[in-house]
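> Have a look at this one before I ask anything.
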Amino acid sequence: MTEAGPGSPPRVLLVDPYMSRSDPMERKFVELYPSLGLLTLGAYLRSHGTQVSVVDLTFARDASPVGRALRTFRPHLVGVHTKTLTFDRAVEVARQARAVGAFTVAGGPDSASRVDTYLDSGFDAVVPGEGEVALTELATCVAMGRDPRNVAGVSVRREGKTVRGPHRPFLRDLDALPLPAWDLVDMDRYLGEWQKRSGERRAAVLTSRGCPFDCSWCSKPTFGRTFRQQSPARVVEELVALKERHHVDYVRFCDDVFGISRPWIEELIDRILASHLDLQFECLARVDLLKPDLLHRLRQAGLVRVYVGVESGSQKMLDLMNRGTKLAQVERTAEALRREGIRQFWFLMLGYPGETLEDIEATLRLFRRFSPEEYSVSIAVPIPGTRFHTAVKDRLLGRKSAPTRGAGGASLLYEAAYPESMYRWEQARFGLEAALGRARGRITPKFASQVGHVADRIHERVATPLLTGKKTGPSRAR
Ligand code: B12
Ligand code: SF4
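Sequential numbering of the sequence shown, starting at 14, is according to the numbering used here.
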């Protein structure tokens, strides 16, 4: 292991193994931002006297920058950010790092939900929760040559068994975290890519950690059901820094749910307006929180696009998912968004247990009625650790999850009410509805109605009997 002398600071190399070039679908669909987890870890480590370098493979042609950094920076510890999609590359980075004597640590959503797999695959340790303090302590411990097994929040292997360090409490005060270390990655490259794609210089900002809601299919391995947020003043400080240092003019708020507290969001709006930042922004929010008067104020502050988890047009399904939202709230929000001219991106889900073809029809009707500008309709993925997974674990099909969001790509992973081909067909029907919605103004309403009518007949008379062996009820009114 590379030893640190007394007084010489630990050297930590952080790696994001995500490579946007490796998959053409990814390049098309994934919006590129540097990992906020790594930028915050980097900033925190530095503020505690650690030397930090980051290898971000997002734009790399191959993984050779890792080897170069190992040779020139000679880290004591190599920390790898993990997502399911990048598992193989993460393991390869760990192999290279261990070969030069560095201690290897995995952190981030994938390793948080399968600690043993990462330890089995050659990592020396996993930090399954919040990383800032745990990694800082671990780096010092490793650089001093001490045994890391007692560092809180760290899991290691001893004699073939996983040893979990003591429990590490979550950070209480997110305002105490330094600003993300944007200088550790190639921000100009990210912003330049955005400028080419959309004309804006876009950056990601996180104002809170965790989510207090409890949807049955949602996996929250890192922050669980905790909820902590920065003060509105601290958020604006970050926005100002992005504007001044990187000329950012568009922000994606990456919170699981943006603006959970009404007084908080009102204060943030006041501060954004008072600081004359002239930024546009987008966020992900819940229909029960997006009241029309709030949306009006958010638009004045710069909100131009919202991701909303509509999920289903059937109240029965929303209740089964423990979503905690009402169809009336979906309708109210969709109308208000349209009135305000804010783009809406709907997340919809098919195949959740209990869903019938009638429920899918209800979702399609809702979709047709509001015609959101953007949408994704995915097949429900039972993620280990969720109530949904527990409910279907005897019916799992033994396939691997495809962890993409892209074109609703994930396969059917459990024995649902209908075969996967039926859900694929339903996805195609949403695609047709979306295309008809987009063509509005260019084709006559009569033509759109005729096309829809033909598609409905095919659905009722051909597709449903063929794919499910069942007949559907009477056709829907268009
Ligand atoms: C914002 C976001 C995005 C943004 C920005 C991504 C980015 N570059 O960071 C966009 C929209 C681009 C995106 C894309 C994707 N995302 Co995303 N995304 C999120 C989201 C909502 C927040 C991530 C975030 O910033 N968190 C805040 C930071 C502070 O937390 P963190 O990253 O977890 O880091 C902390 C700890 O995990 C730990 N930690 C993290 N890394 C490391 C490393 C070490 C060594 C250590 C010790 C600790 C440590 O310490 C950090 C600080 O406490 C999460 C959901 C969530 N709540 O986490 C999903 C999530 C991370 N995304 C997910 C997925 C699947 C994707 C995509 C693969 C989807 C796709 N194909 O279209 C792509 C991959 C793109 C990429 N560059 O990696 C999944 C990952 C699931 C999995 N097991 O892999 C998540 C968990 C959502 C979900 N539940 O499905 N995403
Ligand atoms: S789906 Fe969204 S609102 Fe529901 S628990 Fe997960 S993060 Fe929270």
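From the three backbone atoms N, C-alpha and C, an ideal C-beta is built for every residue, glycine too.
What did DSSP end up calling A76 once you bin it into helix, strand or coil?
Of the three classes helix, strand and coil, the one that applies to A76 here is coil, per DSSP.
> Would R102 be called buried (16 or more neighbouring beta carbons within 10 Å of its own) or exposed?
Label assigned to R102: buried.
> Give every residue of the same chain whose Cβ lies closer than 6 Å to the Cβ of V343, excluding the five residues on either side of it in the sequence, and list them in chain order.
Cβ neighbours of V343 beyond the five flanking positions: V300 and V323.
> Starting from G322, trace the alpha helix (DSSP H) both ways and give me its first and last residue.
It is not in any alpha helix (DSSP H) - G322 instead sits in the beta strand (DSSP E) that spans L316 to E324.
> Can you tell me which of V248, Y263, V390 and A452 puts its alpha carbon nearest to the alpha carbon of R210?
Nearest option by C-alpha distance: Y263.
> Can you tell me whether P458 is buried or exposed, with buried defined as 16 or more other CB within 10 angstroms of its CB?
The residue in question, P458, is exposed, as its Cβ has fewer than 16 Cβ neighbours within 10 Å.
> In the DSSP output, which residue or residues are listed as bridge partners for G223?
According to DSSP, G223 bridges with F240.
> Just to confirm my understanding: we take T53, look at its own chain, exclude 5 residues before and 5 after, and list those with CB closer than 7 Å. What are they?
Cβ within range, chain order: E145, L190 and P193.
> Do you know offhand how far C231's Cα is from S33's?
Near 25 Å, if we compare the C-alpha coordinates of S33 and C231.
> Between which two residues does the alpha helix (DSSP H) carrying A138 extend?
From DSSP, A138 is part of no alpha helix (DSSP H) but of the beta strand (DSSP E) over A138 to V140.
> With a threshold of 7 Å (Cβ to nearest heavy atom), would Y31 be considered close to ligand 1?
Yes, the Cβ of Y31 comes within 7 Å of a heavy atom of ligand 1.
> Hey, would you say the C-beta of D301 is under 7 Å away from at least one heavy atom of ligand 2?
No, Cβ of D301 sits at least 7 Å from all heavy atoms of ligand 2.
> Check W207 in the structure and name its three-state DSSP category.
Helix, per DSSP.
> On a CA-only basis, which of G173, A138 and S244 is nearest V186? Give me that one, please.
Reading off the sequence, residue 186 comes out as Asp, not Val. Looking at the Cα atoms, S244 is the closest of the given residues.
> Would you check whether ligand 1 has a heavy atom nearer than 7 Å to the C-beta of D269?
Correct: D269 has its Cβ closer than 7 Å to ligand 1.
> Measuring alpha carbon to alpha carbon, tell me which residue in L479, F358, A147 and H260 is nearest L184.
It is A147 whose Cα lies nearest to the Cα of L184.
> Cutting at 7 Å between CB atoms, please list the residues of its own chain near L281, excluding the five before and the five after it.
Only P245 and V248 meet the Cβ criterion.
> Please name the residue, chosen from E439, R412 and L425, that lies closest to A375 on a Cα-to-Cα basis.
The shortest Cα separation from A375 among E439, R412 and L425 belongs to E439.
> Can you name the start and end residues of the alpha helix (DSSP H) that H402 belongs to?
Its alpha helix (DSSP H) spans residues R400 to V405.
> Out of curiosity, what's the CA-to-CA distance linking F401 and V321?
Looking at the two C-alpha atoms, the distance is approximately 21 Å.
> What does a CB cutoff of less than 6 Å around R474 pick up in its chain, not counting 5 residues either side in sequence?
For R474, where only same-chain residues beyond five positions count, there are no Cβ hits under 6 Å.
> Using a 10 Å radius around the Cβ and a threshold of 16 neighbouring Cβ atoms, would you call F492 buried or exposed?
Nothing about residue 492 can be reported from this structure: the residues present for the chain run from 14 to 491 only.
> Where in the stretch 34–98 do unbroken runs of the alpha helix (DSSP H), each at least 4 residues long, occur, reported from the N-terminal end onward?
Segments of the alpha helix (DSSP H) lying fully in the stretch 34–98: 37–42, 49–60 and 77–86.
> Which term fits I471, buried or exposed, when burial requires 16 or more other beta carbons within 10 angstroms of its beta carbon?
Result: exposed.
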